[in-house]
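Protein chains in written order, with the working numbering: chain A, 412 to 883; chain B, 213 to 332.
Each residue gets a CB set at the ideal place from its N, CA and C atoms; glycine is no exception.
Data first, discussion second: the structure below is written as structure tokens.
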């Protein structure tokens with residue numbers, strides 16, 4: 412028994428002293444020297460598996476075949492026989508650790524994209540490579556990245572398609588695989604990192620991980636940034652893109668703190684529930700991305716250094732052209748020349764729909780006497796109305812102005828009216844009446860200010876309607 | 213020796229932590245349930261609405277209905293197909309004995325104070 416240990420130790424020492432190397436025919440060679448291993452962030456040395464062992468598959472969805480994929484290979488004949496079209500934009504989706512390429516979320520994302528745009532959507536399946544030890548999978552992505560890069564080279568040869576027409580979306584380890592693609596392909600159009608994996612990448616050299624230099628535009632969504640030890644946060648806190656989004660602060664996603672039974676017995680089924688049980692925060696990144704394809708306006712990011720500052724309202728509202736949209740349409744944002752790692756914050760909902768529309772509300776309270784209770788407001792607009800949001804809970808003092816931020820869950824368009832309501836749980840024989848004398852509302856996206864005035868005060872649990880001030 | 217031990221410990225830690233993620237806050241199991249959590253009766257929910265989509269689907273806590281949304285009138289069953297309205301609103305719709313039995317006395321949430329506001 413002890414011989415094994417000694418042999419193992421020797422192997423370890425030798426491994427540290429002499430870097431090993433593997434070469435896979437068209438993909439080139441992969442070494443295990445610095446920075447790939449032997450650093451504090453990457454203590455365990457592993458060489459990536461062969462392409463055969465990883466078994467990477469490319470599953471193509473287009474508008475001609477939105478329901479069933481065509482498997483394509485880096486081969487001109489196979490490509491030409493498929494529905495692939497070199498004139499269209501191409502988007503790759505790469506999954507992460509312990510996941511697979513025909514998992515619902517990748518296919519759903521392709522299907523959602525095809526409803527809004529005519530693209531070649533390719534799900535990259537490397538499940539065998541990802542169903543291994545984490546340290547092994549973290550190295551296998553180097554081969555996966557090389558294979559995607561090879562694919563893009565074939566596109567160039569066969570269709571004269573420029574790499575700028577290619578967008579690589581990667582979740583978790585897949586995000587770093589996308590980084591590897593970008594390292595091999597000059598002028599890759601865009602990389603989206605959906606909560607890039609933290610262990611073995613955070614703090615590592617830019618060669619190893621996703622980095623702004625990997626593509627002309629790199630956008631990242633961080634949803635699980637707490638340290639892996641001891642919080643088991645699986646994503647990076649480090650900003651690694653041109654623009655980095657930290658929805659809900661990036662640490663805890665709303666809707667991820669449900670009790671175990673309710674998490675696993677999910678609306679989307681037991682499998683989705685189990686996935687959320689293991690990595691709810693981490694998986695939220697692709698759910699946000701997926702929804703952003705169809706409701707882009709609900710994911711406006713505000714430039715902000717951290718969530719506390721964001722909550723305090725100092726990052727509100729958006730300056731001119733300063734707010735990008737998180738997710739699919741992030742590339743419409745103009746990144747100032749030479750800048751990268753710009754941080755953006757926003758809040759999302761706890762379940763589908765995740766999209767939210769942020770307003771600042773100041774309520775100037777009017778009333779017969781001060782009472783303790785809760786006051787709420789609701790917004791009414793051309794396209795509908797919101798539910799009631801709590802402005803203040805506690806002492807309600809007439810004459811005072813209360814300020815709150817509201818993340819409305821419906822896009823109501825131009826705001827036309829507001830309603831005010833207050834209540835408490837104590838019966839007051841004096842029948843106090845309260846009302847909002849004036850409500851000032853500011854929309855975050857375009858800084859538009861609305862003024863609403865109210866006249867009649869109302870008793871408990873009665874809605875007071877406020878009209879625009881000029882109209883009174 | 214130590215490296216190997218550390219490595220194997222690391223792997224073990226990874227395996228364990230991926231299988232059992234840390235729970236953050238104390239969670240309501242019976243009362244004070246959040247939206248999306250499984251419930252049996254509305255009293256369990258913070259929102260005081262335990263909602264199900266069909267007769268056979270699993271009921272979960274859901275937010276109350278806002279103005280102009282579909283709602284249920286108060287029923288003897290402690291779960292709803294559409295939640296009750298938020299405060300200040302009433303669920304306007306037809307009421308029938310059959311609807312009471314099948315829990316389908318639906319309506320649309322309207323402002324209780326609607327008329328007085330329209331004239332003011």
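Closer than 8 Å to chain B by CB, residue 431(A): As a working mapping, residue 431(A) is identified with position 20 in the first chain. Cβ-Cβ to chain B under 8 Å: no for residue 431(A).
| query | Among the residues of its own chain, which have a CB less than 6 Å from the CB of residue 485(A), if the five just before and after it don't count? | reply | Position 74 of the first chain, counted from the start, is the residue given in the question as residue 485(A). So the qualifying residues of the chain are 561, 562, 565.
Pairs of beta-carbons, one from the stretch 494 to 504 of chain A and one from the stretch 521 to 537 of chain A, closer than 8 Å: are there three or more?
Taking a cut-off of 8 Å for Cβ pairs, the stretch 494 to 504 of chain A and the stretch 521 to 537 of chain A touch, as three or more such pairs fall below it.
- Message: If distances are taken between C-alpha atoms only, which option among 637(A), 827(A), 848(A), 703(A) comes closest to residue 860(A)?
- Response: Position 449 of the first chain, counting from 1, holds the residue named residue 860(A). Here the closest residue by C-alpha is 827(A).
Practice prompt. On a CA-only basis, which of 625(A), 646(A), 445(A) is nearest residue 582(A)? Give me that one, please.
Written response: Your numbering for residue 582(A) matches position 171 in the first chain. Per the Cα distances, 646(A).
Point to revise | Residues from the stretch 651 to 685 of chain A in contact with chain B, defined by Cβ distance under 7 Å | key: For the stretch 651 to 685 of chain A, which is checked against every Cβ of chain B, the residues closer than 7 Å are 663, 666, 668, 669, 670, 672, 673, 676.
What ranges does the alpha helix (DSSP H) occupy inside the stretch 704 to 753 of chain A, keeping only unbroken runs of at least 4 residues that lie completely in it? Here the runs fully enclosed are 718 to 723.
| message | Quick check on residue 793(A): buried or exposed, where buried means 16 or more other Cβ atoms within 10 Å of its Cβ? | response | Residue mapping note: residue 793(A) aligns to position 382 of the first chain, counting from 1. Answer is exposed; the Cβ neighbour count stays below 16.
- Query: Distance, Cα to Cα, residue 567(A) vs residue 707(A)?
  - Reply: Working through the first chain from its first residue, we reach residue 567(A) at position 156. Working through the first chain from its first residue, we reach residue 707(A) at position 296. For the pair residue 567(A) and residue 707(A), the Cα-to-Cα distance works out to about 31 Å.
### Query
Name the DSSP beta bridge partners of residue 245(B), please?
As a working mapping, residue 245(B) is identified with position 33 in the second chain. Note: residue 245(B) sits in a beta bridge opposite 257(B).
Practice prompt. Please list, in chain order, all residues of the same chain as residue 777(A) whose beta carbon is under 8 Å from its beta carbon, the five residues on each side excluded.
Written response: Along the first chain, read from residue 1 onward, the residue named residue 777(A) stands at position 366. Contacts found: 809, 810, 845, 846, 847, 848, 865, 868.
Same chain, Cβ closer than 8 Å to residue 236(B), neighbours up to 5 away in sequence not counted: Here residue 236(B) refers to the residue found at position 24 of the second chain. Interpretation of residue 236(B) is limited by its pLDDT of 34, a score under 50 that renders its predicted location unreliable; no figure is taken from the coordinates.
**Prompt:** Within the chosen definition, does the stretch 590 to 608 of chain A reach the stretch 536 to 544 of chain A through at least 3 CB pairs nearer than 8 Å?
**Reply:** In this structure the stretch 590 to 608 of chain A does not touch the stretch 536 to 544 of chain A; the number of beta carbon pairs closer than 8 Å is below three.
**Asked** Would you say residue 476(A) faces chain B, with C-beta separation under 8 Å as the test?
**Response** Here residue 476(A) is taken as the residue at index 65 of the first chain, counted from 1. No - not a single Cβ of chain B is within 8 Å of the one on residue 476(A).
Shorter than 8 Å from the beta carbon of residue 193(B) to some beta carbon of chain A?
-> As displayed, chain B neither begins before 213 nor continues past 332, which places residue 193(B) out of reach and without an answer.
message: Quick check on DSSP: helix, strand or coil for residue 289(B)?
response: On the second chain, position 77 is the one that residue 289(B) refers to. Coil, per DSSP.
Who are the near neighbours of residue 801(A) in its chain, counting only those whose CB is closer than 7 Å to its CB and skipping five residues on each side?
-> The residue you call residue 801(A) lines up with position 390 of the first chain. Only 785, 787 meet the Cβ criterion.
Check: If you drop the 5 nearest sequence neighbours on each side, which residues of the same chain put their C-beta closer than 8 Å to that of residue 780(A)?
Finding: The residue given as residue 780(A) occupies position 369 in the first chain. Correct list, in chain order: 809, 841, 843.
Discussion item. Taking 8 Å as the threshold (C-beta atoms), are residue 619(A) and residue 652(A) in contact?
Written reply: For the purposes of this step, residue 652(A) is identified with residue 241 of the first chain, where counting begins at 1. For the purposes of this step, residue 619(A) is identified with residue 208 of the first chain, where counting begins at 1. With contacts defined by Cβ atoms closer than 8 Å, residue 652(A) and residue 619(A) do not form a contacting pair.
Problem set entry | CB contact below 8 Å: residue 270(B) versus chain A | On the second chain, position 58 is the one that residue 270(B) refers to. Interface flag for residue 270(B) against chain A is set, since a Cβ pair is found closer than 8 Å.
What does a CB cutoff of less than 8 Å around residue 612(A) pick up in its chain, not counting 5 residues either side in sequence? Position 201 of the first chain holds residue 612(A). Excluding residues within five positions, the ones whose Cβ falls inside 8 Å are 452, 549, 587, 619, 620, 621, 647.
For this session: Have a look at 832(A), 745(A), 461(A) and flag the residue whose alpha-carbon is nearest the alpha-carbon of residue 803(A).
Result: Reading the first chain from its first residue, position 392 is the one you call residue 803(A). Selected option, being the one with the closest Cα: 832(A).
* In whole angstroms, what separates the C-alpha of residue 471(A) from that of residue 515(A)? -> The residue you call residue 471(A) lines up with position 60 of the first chain. The residue you call residue 515(A) lines up with position 104 of the first chain. A direct Cα-to-Cα measurement between residue 471(A) and residue 515(A) gives close to 14 Å.
Using a Cβ-Cβ cutoff of 7 Å, what residues of the stretch 830 to 854 of chain A are near chain B? List them in chain order. Result list: 832, 834.
### Query
Three-state secondary structure (DSSP) at residue 525(A)?
By one-based count along the first chain, residue 525(A) stands at place 114. Correct three-state label for residue 525(A): helix.
Taking CB distances under 8 Å as the criterion, tell me whether residue 789(A) reaches chain B. The residue you call residue 789(A) lines up with position 378 of the first chain. So yes, residue 789(A) belongs to the interface.
Checklist entry - If you measure from the beta carbon of residue 246(B) to each beta carbon in chain A, is any gap under 8 Å? => result Start at 1 with the first residue of the second chain, and residue 246(B) comes out as number 34. Closer than 8 Å to some Cβ of chain A, the Cβ of residue 246(B) qualifies, so yes.
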